[in-house]
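Enquirer: With the working numbering as the guide, the letters of the sequence shown map in order to residues 65 to 314.
Positions of the beta carbon are idealized from the N, C-alpha and C atoms, including for glycine.
Keep in mind it's a predicted model, so treat the numbers as computed, not measured.
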Amino acid sequence: MGKISVFVTKVDEAYLDKEFDRLYEILYPARKEAVSKLKNKRVSYVSMTAGLILGRAYEMLYGLPSNEIIIDKGEHGKPYIQGKEELKYNISHSGDYVVLAYTMDKDIASVGIDVEKVKVRDDDMKVANRFFTKEEIDYISDGLECSDVDMRFYKIWTMKEAFLKLTGKGLGLRLDSFSVNPDELSISLTDNDVVGDGNLTKHENCNFGRDINNISYDMKVVDKHIISVCVDSDDDVIYEYAQITLDKPA
């Protein structure tokens with residue numbers, strides 16, 4: 065049975081204000097460069113938090129300093145750590161939270177994660193009608209009767225985004241080329257082709273030539289933020305969550 069570890073971290077502006085110089089120095093080079101280019105303090109703190117929690121996982125797993133991390137990108141632009149390709153990971157942020165999913169399990173081919181803060185929107189159905197499948201639209205519209213439409217919209221959105229990040233194809237996949245079900249935490253292909261290279265159809269495997277039946281999900285709601293984790297694995301998966309703070313060990 066495979067295991068996915070998930071770090072859930074609230075961005076602590078007060079702590080980052082106080083410890084900025086020290087924390088900046090322990091960031092890995094690519095994240096240091098990214099943070100240095102950001103002019104908005106809030107955005108830079110989010111980016112720094114993302115780098116620090118990846119560094120925390122790296123140090124726990126390898127016993128090596130996180131500032132040695134060298135980030136590279138694969139064929140589809142998905143990042144990985146040079147020399148540590150066995151570590152599959154993905155990062156997302158929204159609102160007050162940054163999340164990291166990671167694993168070294170050899171039976172897990174890839175992982176994607178997305179977090180979104182649930183907001184009251186006026187255009188849920190407009191966006192859904194334009195980009196989602198009929199089944200997803202019906203699921204969201206059912207929420208109109210119980211004032212749950214925003215929560216349902218973001219459940220769909222995070223599941224879709226997590227899958228896109230798992231594949232690394234991003235906008236190379238049309239959002240209506242696959243359909244997700246938050247109640248069943250499942251995914252299926254549709255008859256719609258993808259954009260981009262156009263290599264994916266309903267009758268082909270959806271993730272680097274692997275079986276769509278190997279895709280599984282987990283979902284949590286933390287402080288009005290929805291977290292969806294998507295995994296490509298030949299085996300069942302255990303999801304272990306840890307809410308961590310930057311000033312204390314995980």
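To the nearest angstrom, report how far apart Leu230 and Gly176 are at their CA atoms.
Expert: In the sequence shown, residue 230 corresponds to position 166, counting from 1. In the sequence shown, residue 176 corresponds to position 112, counting from 1. When rounded, the distance between both Cα atoms is 4 Å.
Enquirer: Can you tell me whether DSSP reads Thr167 as helix, strand or coil?
Expert: On the sequence shown, position 103 is the one that residue 167 refers to. Thr167: strand per DSSP, three-state reduction.
Enquirer: Can you tell me whether Ala114 is buried or exposed? The criterion is at least 16 other CB atoms within 10 Å of its CB, across all chains shown.
Expert: Taking the sequence shown and counting its residues from 1, the one referred to as residue 114 is at position 50. Buried is the call here.
Enquirer: Once DSSP output is grouped into helix, strand and coil, what is the label at Glu97?
Expert: For the purposes of this step, residue 97 is identified with residue 33 of the sequence shown, where counting begins at 1. Three-state result, Glu97: helix.
Enquirer: Comparing alpha-carbon positions, which option in Tyr166, Arg185, Lys170 lies nearest Tyr305?
Expert: As a first step, residue 305 is located in the sequence shown; it is residue number 241 there, counting from the start. Here the closest residue by C-alpha is Tyr166.
Enquirer: Ignoring anything shorter than 3 residues, give me the beta strand (DSSP E) runs that lie fully in the stretch 107–177, in order along the chain.
Expert: 135–137, 143–145, 152–158, 161–167, all fully within the stretch 107–177.
Enquirer: If you draw a straight line from the alpha carbon of Met168 to that of Leu151, how long is it in whole angstroms?
Expert: Position 104 of the sequence shown, counting from 1, holds the residue named residue 168. Position 87 of the sequence shown, counting from 1, holds the residue named residue 151. Going by the C-alpha atoms only, they are around 5 Å apart.
Enquirer: Comparing C-alpha positions only, which one of Met223, Thr222, Asp186 sits nearest to Ser205?
Expert: Here residue 205 refers to the residue found at position 141 when the sequence shown is read from its first residue. When only C-alpha atoms are compared, the closest one is Asp186.
Enquirer: Could you check whether the stretch 209–225 touches the stretch 119–134, counting it as contact only if at least three pairs of C-beta atoms, one from each stretch, sit closer than 8 Å?
Expert: Verdict: no, contact absent.
Enquirer: Using alpha carbons as the reference points, say which of Pro246, Lys233, Ser241 lies closest to Val213.
Expert: Translated into positions along the sequence shown, residue 213 becomes position 149. If we check each option's Cα against that of Val213, Pro246 comes out closest.
Enquirer: Would DSSP call Leu310 helix, strand or coil?
Expert: Taking the first residue of the sequence shown as 1, we reach residue 310 at position 246. DSSP places Leu310 in coil when its eight states are reduced to three.
Enquirer: Around the C-beta of Ser297, are 16 or more other C-beta atoms found within 10 angstroms, so that it is buried, or is it exposed?
Expert: Along the sequence shown, one-based indexing puts residue 297 at 233. Label assigned to Ser297: buried.
Enquirer: Kindly indicate which residue of Ile68, Gly66, Thr73, Ser69 has the alpha-carbon position closest to the one of Lys312.
Expert: Along the sequence shown, read from residue 1 onward, the residue named residue 312 stands at position 248. Closest by alpha carbon: Thr73.
Enquirer: Less than 8 Å between the C-beta atoms of Tyr122 and Val75, yes or no?
Expert: As a working mapping, residue 122 is identified with position 58 in the sequence shown. As a working mapping, residue 75 is identified with position 11 in the sequence shown. No, the pair does not count as a contact, with Cβ atoms beyond the cut-off.
Enquirer: For Ile16 versus Leu164, is the C-beta spacing smaller than 8 Å?
Expert: Since the displayed the chain opens at 65 and closes at 314, residue 16 lies outside it and no answer follows.
Enquirer: Among the residues of its own chain, which have a CB less than 8 Å from the CB of Ser111, if the five just before and after it don't count?
Expert: Mapped onto the sequence shown, residue 111 falls at position 47. So the list reads Arg95, Ala98, Val99, Leu102, once near-sequence residues are dropped.
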